[in-house]
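Enquirer: Sequences listed follow chains U and S, in order.
The first sequence begins at 1 in my numbering and counts up by one.
The second sequence begins at 1001 in my numbering and counts up by one.
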Amino acid sequence: MDTILFIVFATVAVVCAFNLVLQKHPISSALSLIGVMGSLAVLYLMLGAEFIAMAQMIVYGGAVMVLFVFVIMLLNAGTEKPSGKSWFAQIAGLPLLLAFVAVMGFAIRAGLPGLRNVEFGSWIGGTAERIGQLLFTHYLLPFEVISILILIAILGAVVLARREID
Amino acid sequence: MNFILISLIKMALVFAVFMTTLAYLQWVERKVLAHIQARTGPLRVGPHGLMQPMADVFKLLTKEDLLPPYVNRFFYLLAPFMAVALALISISIIPFGPEINIFGVRTLMQISDVNVGILFVLAISSVSVYGIALAGWSSNNKYALIGGLRSSAQMISYELPLTLAIVSPLLLANHLSFRAITDSQAGFYLGFIPRWNIFQMPFPQIFGFLIFMIAGFAETNRVPFDLPEAENELVAGFHTEYSSMKFACFFMSEYANMITISCVATLLFLGGWHPPFPAVFSNWLPSLVLAAAALIFFFQATQPARRIDRFSMPIFGLGALLLAVVFAIPFVQTFLVPVFWFAAKAGFILFVYIWVRGTLPRFRYDQLMHFAWTFLFPVALINLLVTAFCVAVF
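And the structure:
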């Protein structure tokens, strides 16, 4: 059952990711990205990280992508015109992509030697309780630093937006 | 195997009840609005218009399914499907009653008890914007586009106070599952004040409840926040180009969202299925209420306003009397009384929805945004801070 679900949602994620790049219209690309986010959330859920899965749906699938779609609709962006591929991209694109995948695969195999096969449902550290405990004990400093960083980003956005209006 | 069978039975049951409520909610809305405006409402199809929902469904099913030539076909067809599918999903994690024991089979009165239940509802509600936004965009119509844009801006804005209002009951219950949140509200202060979150000492969540309700009205695009379909400015808003069953999908999703929001408000603030009185009284109250309803029906039959009332009222009265007897059987009480209280509370909130629709005029768009960001959001923050302080100190 787990394996079937994994195959289904992994396929959906990969197909949506390809579709994201191949689609000509920004709205189609944005919706494909939502598909990727949603299937990733399901994969997190199957790994036992239910809080991360829901946060993924709320933050990425909901808030961030709604803003994307909203901006695309507001600007009424039309279909993208193919801008004539460069000769370098045409010749070296595929080989470079394969080389990149190979290097990444090698780096992961070599850099993380303790990798094991994933077993669905064996990990139970993904509850909201555990994550909250970790955030407020072990990862307290990074957590607070990130919240200050986000606050600065919000203030920066407000300042920039005000300058535009004035 | 047993688990799958029980789950299937529960799914069928919840789906049937949910769909019936969906259909009849619209009848109730038309009736209540009519009586608010001193009219009679639907009256022709069946006694007191009771078959009206069936007639509407048949009308919508048999209408011509128009597909305008200038729309973006794929998204135009996808949008109503997304809207209705996302609206119907949330009901699957709403608990309607405690764990029950029927002929030795123990089961929860809920399709599935997700331990991040409230987050699941938030995730679904944050994704359900796409149905409306896509409908507005793909229709290729300026009214529809403005409706879709308004709707997405409104839903993003009101999601903040909604979420902040939800956090306080979570702090009080210290859990994310609906069942645990509701169970934390069982019992009574001094033997008679229910420990619902709305009466929770030392800081009652009444403000949280009001913020949640206001934001919920905006999330479901209901009056006074129904700017996305303001008919005097936007024809019909995001569903201008939709007809027949595709329009019905949007209609259904609006009512399904209403029901979900009412259920969530009941669970978070009004103690879910926990009765407002100690069990001795609350177990017999449903029977009493139904018996009183039967008496009123019989009394109405003696002075019929219309000729048909002489036959229809006694039948309704007999039905109510039968239900009163059913509710009086001790074995049935264990699982029907919690559902009665849950339905009573959620039904009351649904009635408030309709009542507000009959009472309040529509906001202007800038007022709507101003209200969300400069009033509702700060108030929700303060409410959350005070609640957190109380939870930390007491």
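Every residue, glycine too, gets a C-beta built ideally from N, C-alpha and C.
#1: Taking the alpha-carbon of ILE58(U) as reference, which of THR1163(S), LEU1043(S), ILE1349(S) and VAL1084(S) has the nearest alpha-carbon?
#2: LEU1082(S): which of PHE1250(S), ALA1265(S), ALA1344(S) and VAL1332(S) sits nearest, CA to CA?
#3: If I'm right that PRO1286(S) touches VAL1337(S) with Cβ under 8 Å, what's the distance once you round it to whole angstroms?
#4: Under 8 Å between the Cβ atoms of ALA53(U) and TYR44(U)?
#5: For LEU160(U), does the three-state DSSP call read helix, strand or coil?
#6: Note down, in chain order, each residue of its chain lying with its Cβ closer than 6 Å to the Cβ of ALA1291(S), except the 5 sequence neighbours on either side.
#7: How big is the Cα-Cα spacing for PRO1278(S) and GLN1052(S)?
#8: With DSSP run on the structure shown, which of helix, strand or coil describes GLU129(U)?
#9: Can you give the Cα-Cα distance for ILE1308(S) and VAL1017(S), rounded to whole angstroms?
#10: Can you tell me whether SER1007(S) is buried or exposed? The criterion is at least 16 other CB atoms within 10 Å of its CB, across all chains shown.
#11: Beta carbons nearer than 7 Å to chain S: which residues of the segment 37-60 of chain U have them?
#12: Applying a beta-carbon distance threshold of less than 9 Å, which residues of chain S neighbour VAL69(U)?
#13: PHE1363(S) to LEU1227(S), Cα distance in whole Å?
#14: With GLU1099(S) as the anchor, note down where its alpha helix (DSSP H) starts and where it stops.
#15: Does ALA128(U) have its Cβ less than 8 Å from a Cβ in chain S?
#16: Using only CA atoms, which one of PRO1080(S), PHE1217(S), VAL1105(S) and THR1240(S) lies nearest to THR1260(S)?
#17: Taking only beta-carbon atoms, is PHE967(S) less than 8 Å away from chain U?
#18: Quick check on DSSP: helix, strand or coil for PRO1275(S)?
#19: Put MET1201(S) into one of helix, strand or coil per three-state DSSP.
#20: So, helix, strand or coil for LEU1008(S), using DSSP?
#21: Looking only at C-alpha atoms, which of PRO1204(S), LEU1318(S) and ILE1146(S) sits nearest to LEU1172(S)?
#22: Could you list the residues in the segment 1155-1167 of chain S with a C-beta less than 9 Å from some C-beta on chain U, going in chain order?
#23: DSSP state of TYR199(U), grouped into three classes?
#24: Going along the chain, which residues of the segment 110-126 of chain U sit with their C-beta nearer than 8 Å to a C-beta in chain S?
#25: Please report how far the alpha carbon of PRO1042(S) lies from the alpha carbon of VAL12(U), in whole angstroms.
#26: Can you list, in chain order, the residues of its chain with a C-beta nearer than 7 Å to that of LEU1360(S)? Leave out the 5 residues immediately preceding and following it.
#27: CB-CB under 7 Å to ALA128(U), same chain, minus the five flanking residues each way: which ones, in chain order?
#28: Could you tell me which chain U residues have their CB closer than 9 Å to the CB of SER1112(S), listed as they occur along the chain?
#29: Could you check if GLN1300(S) belongs to the surroundings of the ligand COA, using beta carbon to heavy atom distance under 7 Å?
#30: Grab the span of the alpha helix (DSSP H) containing MET1252(S) for me, first residue to last.
#31: When the Cα atoms are used, what is the spatial distance from ALA1343(S) to GLN1110(S)?
#32: Identify which residue in PHE1188(S), ILE1118(S) and TRP1137(S) has its Cα closest to the Cα of HIS1175(S).
#33: Does GLY1148(S) come within less than 8 Å of chain U when only Cβ atoms are used?
#34: Which residue comes first and which comes last in the beta strand (DSSP E) that contains VAL1105(S)?
#35: Quick one, are the C-beta atoms of ILE1166(S) and PHE1212(S) less than 8 Å apart?
#36: For VAL1116(S), which residues in chain U fall below 7 Å Cβ to Cβ?
Expert: On the basis of the coordinates in this document:
#1: THR1163(S)
#2: Looking at the sequence itself, residue 1082(S) is Met, so the reference to Leu does not match. MET1082(S) has its Cα closest to that of PHE1250(S), out of PHE1250(S), ALA1265(S), ALA1344(S) and VAL1332(S).
#3: 6 Å
#4: yes
#5: helix
#6: ALA1324
#7: 39 Å
#8: helix
#9: 28 Å
#10: exposed
#11: GLU50, PHE51, MET54, MET57 and ILE58
#12: VAL1129, TYR1130, ALA1133, LEU1134, TRP1137 and SER1152
#13: 8 Å
#14: Here GLU1099(S) belongs to no alpha helix (DSSP H); instead the beta strand (DSSP E) covers 1097-1102.
#15: yes
#16: PHE1217(S)
#17: A question about residue 967(S) goes unanswered here, because the residues of chain S that appear run from 1001 up to 1394.
#18: coil
#19: coil
#20: helix
#21: PRO1204(S)
#22: MET1155, ILE1156, GLU1159 and THR1163
#23: Given that chain U is displayed from residue 1 to residue 166, the structure contains no residue 199(U) and the question cannot be resolved.
#24: none
#25: 47 Å
#26: VAL1223 and PRO1224
#27: PHE51
#28: Those do not exist, as SER1112(S) stays about 13 Å from chain U at its closest Cβ, beyond 9 Å.
#29: No copy of the ligand COA appears in this structure; indeed no ligand is present at all.
#30: 1244-1269
#31: 14 Å
#32: ILE1118(S)
#33: yes
#34: 1105-1109
#35: yes
#36: GLU50, PHE51, MET54 and ALA128
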